[in-house]
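Just so we're aligned: the sequence shown equals residues 1 to 255 in our numbering. Inspection log for the structure reproduced underneath, given as structure tokens.
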Amino acid sequence: MTIYDQLLSIRREKGAGFFVLLDPDDHAPEVLAAKACLCRDAGVDALLIGGSRMVNHDFKEAVTAVKSACDLPLIIFPGGHTQLSPDADALLFLSLISGRNPRWLIEEHVQAAPLIHSYELETISTGYMLIASGKTTAVEEVSGTQPLPRDNPGLAADHALAGQYLGLKMIYLEAGSGADAPVPDEIVAAVRRTVHLPLIVGGGIRSPEIAAAKVRAGADFIAVGTALETEAGEEILRQYVKTVHEIGKRRSHTR
Ligand code: 1GP
């Protein structure tokens with residue numbers, strides 16, 4: 001079964017799923033591996049690995065360490081074409097469709113393609129949409145693109161729909177790592193009403209309650225990184241997992 005099929009079956013069976021983002025810019029490979037084990041024990045559905053600053057030169061080493069420590073699906077969430085590894089299970093092949101910078105719409109992809117092919121990595125083509133969050137985020141800086149406004153759910157929905165028509169397989173609504181404010185519920189809901197693609201929501205989600213609100217609004221997968229940097233205990237992880245699964249189940253029954 002492909003990782004994409006596994007994600008679809010998580011959505012079908014659990015209603016919604018919970019991802020933890022591991023950032024190799026912030027931690028040594030052995031620390032990431034220990035975190036991955038905690039995540040597995042707490043019932044996290046999959047791990048994302050990547051970072052937008054790309055200062056870490058040991059990306060492959062980090063992926064190998066995490067993959068050999070635990071068998072959770074490990075999906076690269078790349079900050080650029082240098083973040084690739086044959087040891088990951090899949091790659092979110094991100095196109096920054098909220099922006100108008102050709103580098104992040106196609107150029108990085110061309111650079112990455114030959115290596116992805118030789119690694120035989122599964123690619124999950126994903127429309128990546130940056131939503132304004134109240135402060136300039138690393139994604140905004142690095143990509144040199146403007147985020148979509150917070151107060152225009154219709155515009156966000158139009159972008160997601162264009163992504164769906166282009167044949168993308170997922171949409172990622174991103175407020176930016178460490179964002180002051182997460183993607184507004186109204187934007188999540190508008191995108192949910194408009195496209196049938198699996199929807200990941202991340203950036204600035206700092207509590208299980210906020211995660212719950214995003215799932216209620218229509219998120220299929222919640223991604224959290226920063227909030228678990230200081231408090232990555234099994235207990236808080238379990239709370240996120242339980243909340244996302246409970247609300248997801250409830251929502252799938254009322255659909
Ligand atoms: C960033 O969506 C992820 O790309 C996670 O964001 O670090 O704010 O949880 P946080």
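Heads up, the beta-carbon is just placed ideally off N, CA and C, and yes, glycines get one too. In this text, all values refer to a predicted model and were calculated from it rather than measured experimentally.
Exercise for the section: Please report the residue range of the beta strand (DSSP E) in which residue 123 lies. Expected result: 122-130
Exercise for the section: Please report the Cβ distance between residue 61 and residue 91, rounded to the nearest whole angstrom; I am assuming they are in contact, meaning their Cβ atoms lie under 8 Å. Expected result: The pair is not a contact, with the Cβ atoms about 17 Å apart (cut-off 8 Å).
Exercise for the section: Go to residue 177, then tell me how far its beta strand (DSSP E) extends in each direction, as first and last residue. Expected result: Per DSSP, residue 177 belongs to no beta strand (DSSP E) and is neither H nor E.
Exercise for the section: Consider the C-beta atom of residue 139 and the heavy atoms of the ligand 1GP; say whether any pair is separated by less than 8 Å. Expected result: yes
Problem - As assigned by DSSP and simplified to three states, the class of residue 236 - result: helix
Practice task
State buried or exposed for residue 228, treating a residue as buried only when at least 16 other CB atoms are found within 10 Å of its CB.
Solution key: buried
Handout entry: Nearest candidate by alpha-carbon position, reference residue 189, set 204, 213, 203
Key = 213
Practice task
Report buried or exposed for residue 108, applying the criterion of at least 16 other Cβ atoms within 10 angstroms of its Cβ.
Solution key: buried
Practice task
Sort 249, 253, 238, 112 by Cα distance to residue 44 and report the nearest one.
Solution key: 238
Practice task
Compare the Cα-Cα distances from residue 251 to each of 234, 220, 230, 36 and report the closest residue.
Solution key: 220
Practice task
For residue 165, count neighbouring C-beta atoms within 10 Å of its own C-beta (all shown protein chains included) and say buried if the count is 16 or more, exposed if not.
Solution key: exposed
Problem - residue 27 versus residue 185: straight-line alpha-carbon distance, rounded - result: 31 Å
Problem - N-terminal and C-terminal residue of the alpha helix (DSSP H) that residue 154 is part of - result: 153-165
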